[in-house]
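Line order of the protein sequences matches chains X and A. The numbering used here puts the first residue of the first sequence at 374, with every later residue one more than the last. The numbering used here puts the first residue of the second sequence at 4, with every later residue one more than the last. The next block holds one structure in the form of structure tokens; read it before the comments.
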Amino acid sequence: MIRTIVFFGIGIFFGITLFKSEAASWFRIYEMFQFQSFHMYGIIGSALLFGMLFTFLLKRSNAKSLLDGKPLVIPDKDKSWKRYLYGGTLFGIGWALTGACPGPLFVLLGAGFIPVLVVIAAALIGTYAYGALRSKLPH
Amino acid sequence: MIAFLSQEWPWYISGPLIAIVLLMLLWTGKTFGMSSNLRTLCSALGAGRQHSFFDFDWKNQRWNLLVILGATVGGFLAAQYLTDGAPMSLNPKTIAQLQAFGIEDAGTAFLPDALFGMEHWTDPKILGMLVFGGFFVGFGTRYAGGCTSGHAITGLSNLQRGSLIAVIGFFIGGLFVNHFILPFLL
């Protein structure tokens with residue numbers, strides 16, 4: 374029960390932040406790729422700066438999970454580069470077209486933009502297609 | 004208080020708040036990655052019967068579905084109760100550019116009505132754009148193993164080389180579409 378409230382609450386906080394920062398707006402993503410505003414770079418950059426600090430402190434302090442006392446997992450990514458470059462580029466195409474990454478898609482749905490359901494459904498099909506083709510793709 | 008929160012949140016508030024989301028998720032023993040939910044949803048819908056990539060106990064990912072459900076409710080709350088109707092502080096150049104493409108509501112709306120309006124999304128060209136774009140959001144994030152939250156925030160915060168390559172990829176694809184494809188689509 375407490376876990377449900379905690380994660381649901383984190384999600385609400387995240388959703389409000391994505392909406393009010395306008396990071397979920399197609400216009401802001403368009404403006405970002407035109408390099409016409411610092412706004413999105415400021416959001417990602419300052420999130421990254423504080424994220425580095427928090428990640429560093431959590432790792433160094435050997436902190437345990439606040440929920441169950443187990444060691445924290447901060448997984449390393451693979452050492453390869455192909456999957457990141459190819460996958461990242463394909464995601465970039467989708468990001469510029471729809472103006473939304475996976476988090477904002479759900480924020481926009483909640484905000485009442487019903488046609489976003491089409492994008493979510495297509496994203497599920499895309500995810501499924503990756504799962505089906507995975508063994509044939511260079512990683 | 005409500006009026007204060009209803010203004011546009013500046014980047015130097017929003018960015019650190021997103022980092023706090025990362026901190027809360029790491030400190031509860033989880034990770035910050037929204038695109039994983041798409042895989043979990045595929046698994047919950049039964050895709051594990053066809054492809055091993057989806058054959059895992061998706062209920063272990065229930066926490067992340069709760070995050071995305073919360074984000075949906077957060078979007079509802081922000082749009083309903085924390086909106087003051089003031090125009091978005093987009094660059095006037097961006098607004099002029101988009102208006103030249105026929106997107107009249109640049110700066111005043113949250114999303115362009117020409118793409119996401121109830122009367123427009125069924126237009127074959129727009130529908131194609133949403134479906135094609137959505138497909139690559141799903142395919143690309145899973146191929147790359149993360150999206151903006153998983154790579155640009157979490158992965159880079161953890162100094163992962165793969166995440167840096169992924170973010171470079173985000174911009175290769177995004178800049179290409181934004182500068183060379185959107186002018187023909189809009």
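Note that the Cβ used here is the ideal one computed from N, Cα and C, for glycine as well.
| said: Rounded to whole angstroms, what is the Cα-Cα separation between residue 70(A) and residue 384(X)? | reply: For the purposes of this step, residue 70(A) is identified with residue 67 of the second sequence, where counting begins at 1. For the purposes of this step, residue 384(X) is identified with residue 11 of the first sequence, where counting begins at 1. Their backbone Cα atoms lie some 4 Å apart in a straight line.
| message | Could you give the first and the last residue of the continuous alpha helix (DSSP H) run that contains residue 390(X)? | response | Within the first sequence, the letter at position 17 stands for residue 390(X). Segment 375-393, the alpha helix (DSSP H) holding residue 390(X).
| message | Taking 8 Å as the threshold (beta carbon to beta carbon), is residue 394(X) in contact with chain A? | response | Taking the first sequence and counting its residues from 1, one reaches residue 394(X) at position 21. Interface residue, yes.
| Using the beta-carbon of each residue, which ones in chain X are nearer than 7 Å to residue 52(A)? | Translated into the one-based positions of the second sequence, residue 52(A) becomes position 49. Within chain X, no residue comes near residue 52(A); the closest Cβ sits about 12 Å away, beyond 7 Å.
| field | Within-8 Å CB hit, residue 374(X) to chain A | value | Sequence index remark: in the first sequence, residue 374(X) carries index 1 (1-based). No, because no Cβ of chain A sits closer than 8 Å to the Cβ of residue 374(X).
| said: Given a cut-off of 8 Å on the beta-carbon distance, is the pair residue 416(X) and residue 23(A) in contact? | reply: Counting from 1 along the first sequence, the entry for residue 416(X) is found at position 43. Counting from 1 along the second sequence, the entry for residue 23(A) is found at position 20. No, they are not a contact pair.
| query | Since residue 516(X) sits in a beta bridge, which residues does DSSP pair it with? | reply | Not covered by the structure: residue 516(X). The range shown for chain X is 374 to 512.
| task | Determine, using beta carbons only, whether residue 116(A) and residue 126(A) come nearer to each other than 8 Å. | result | Your numbering for residue 116(A) matches position 113 in the second sequence. Your numbering for residue 126(A) matches position 123 in the second sequence. No; because the gap between Cβ atoms is not below 8 Å, this pair is not in contact.
| query | When you compare each of 378(X), 506(X) and 413(X) to residue 440(X) by their alpha carbons, which one comes out closest? | reply | In the first sequence, residue 440(X) corresponds to position 67, counting from 1. Of 378(X), 506(X) and 413(X), the residue nearest in Cα terms is 378(X).
| query | Which of the three DSSP states, helix, strand or coil, is assigned to residue 181(A)? | reply | On the second sequence, position 178 is the one that residue 181(A) refers to. DSSP places residue 181(A) in helix when its eight states are reduced to three.
| Can you find a CB in chain X that lies within less than 8 Å of the CB of residue 11(A)? | By 1-based counting over the second sequence, the position of residue 11(A) is 8. Residue 11(A) counts as touching chain X.
| message | Distance cutoff 8 Å, beta carbons only. Does residue 419(X) sit that close to anything in chain A? | response | Within the first sequence, the letter at position 46 stands for residue 419(X). It does; some Cβ of chain A falls within 8 Å.
| Hey, is residue 433(X)'s beta-carbon within less than 8 Å of any beta-carbon in chain A? | Sequence index remark: in the first sequence, residue 433(X) carries index 60 (1-based). No, no contact with chain A.
| request: Could you tell me which of 396(X), 463(X) and 375(X) sits nearest to residue 173(A), measuring between CA atoms? | output: For the purposes of this step, residue 173(A) is taken as the residue at position 170 of the second sequence. Taking only the C-alpha atoms, the option nearest residue 173(A) is 463(X).
| message | I need the DSSP call for residue 106(A), collapsed to helix, strand or coil. | response | For the purposes of this step, residue 106(A) is taken as residue 103 along the second sequence, with counting starting at 1. Here residue 106(A) sits in coil by DSSP.
| What in chain A is Cβ-close to residue 443(X), meaning under 9 Å? | One-based indexing of the first sequence puts residue 443(X) at position 70. Under the 9 Å cutoff, chain A gives 32.
| query | How is residue 150(A) classed by DSSP in three states: helix, strand or coil? | reply | Position 147 of the second sequence, counted from the first residue, corresponds to residue 150(A). In this structure, residue 150(A) counts as coil in the three-state DSSP scheme.
| query | Does DSSP put residue 475(X) in a helix, in a strand, or in coil? | reply | Walking along the first sequence from the start, residue 475(X) turns up at place 102. Helix at residue 475(X).
| field | Selection from 467(X), 478(X), 455(X) and 475(X) that minimises the alpha carbon distance to residue 507(X) | value | Along the first sequence, read from residue 1 onward, the residue named residue 507(X) stands at position 134. The option with the nearest alpha carbon to residue 507(X) is 455(X).
| said: Taking 6 Å as the limit between beta carbons, can you name the residues of its chain near residue 28(A), skipping five residues before and five after? | reply: The count along the second sequence starts at 1 and reaches residue 28(A) at position 25. Hits under 6 Å: 35.
| task | Could you tell me the boundaries of the alpha helix (DSSP H) in which residue 22(A) lies? | result | If you number the second sequence from 1, residue 22(A) lands on position 19. That run of the alpha helix (DSSP H) goes 14-30.
| said: With three or more C-beta pairs closer than 8 Å as the rule, is the stretch 466-474 of chain X touching the stretch 391-407 of chain X? | reply: yes
| query | Should residue 103(A) be flagged as near chain X, meaning a C-beta pair shorter than 8 Å? | reply | Residue numbering aside, residue 103(A) sits at position 100 when the second sequence is read from its first letter. False, the Cβ-Cβ gap to chain X never drops below 8 Å.
| Hey, would you say the C-beta of residue 477(X) is under 7 Å away from at least one heavy atom of the ligand NAP? | Ligands are entirely absent from the displayed structure, and the ligand NAP is therefore not among its contents.
| 8 Å Cβ cutoff met for residue 78(A) and residue 467(X) | Position 75 of the second sequence, counting from 1, holds the residue named residue 78(A). Position 94 of the first sequence, counting from 1, holds the residue named residue 467(X). Against a cut-off of 8 Å, the Cβ pair of residue 467(X) and residue 78(A) comes out as no contact.
| query | Straight-line CA distance for residue 442(X) to residue 396(X)? | reply | Translated into positions along the first sequence, residue 442(X) becomes position 69. Translated into positions along the first sequence, residue 396(X) becomes position 23. Near 34 Å, if we compare the C-alpha coordinates of residue 396(X) and residue 442(X).
| Alpha carbon of residue 81(A) to alpha carbon of residue 509(X), nearest angstrom | On the second sequence, position 78 is the one that residue 81(A) refers to. On the first sequence, position 136 is the one that residue 509(X) refers to. Spanning the two alpha carbons is a distance of roughly 43 Å.
| request: Using a threshold of 8 Å, state whether the C-beta atoms of residue 94(A) and residue 404(X) are closer than that. | output: By one-based count along the second sequence, residue 94(A) stands at place 91. By one-based count along the first sequence, residue 404(X) stands at place 31. Cβ atoms of residue 94(A) and residue 404(X): closer than 8 Å.
| message | Quick test of the definition: if touching needs 3 or more C-beta pairs under 8 Å, does the stretch 493-508 of chain X touch the stretch 41-50 of chain A? | response | yes
| Between the beta-carbon of residue 67(A) and the beta-carbon of residue 92(A), is there less than 8 Å? | Position 64 of the second sequence holds residue 67(A). Position 89 of the second sequence holds residue 92(A). No. Outside cutoff.
| field | Chain-ordered residues of the stretch 172-185 of chain A with a beta carbon less than 9 Å from chain X | value | 172, 173, 174, 175, 176, 177, 178, 179, 180, 181, 182, 184 and 185
| query | Do we get a CB-CB distance below 8 Å when we pair residue 5(A) with the residues of chain X? | reply | Position 2 of the second sequence, counting from 1, holds the residue named residue 5(A). No, residue 5(A) lies away from the interface with chain X (no Cβ there is under 8 Å from its Cβ).
| Going straight from the alpha carbon of residue 175(A) to that of residue 144(A), what length do you get? | Indexing the second sequence from 1 puts residue 175(A) at position 172. Indexing the second sequence from 1 puts residue 144(A) at position 141. When rounded, the distance between both Cα atoms is 14 Å.
| field | Buried or exposed (CB count within 10 angstroms, at least 16 for buried), residue 177(A) | value | For the purposes of this step, residue 177(A) is taken as the residue at position 174 of the second sequence. It is buried - the Cβ of residue 177(A) has at least 16 other Cβ atoms within 10 Å.
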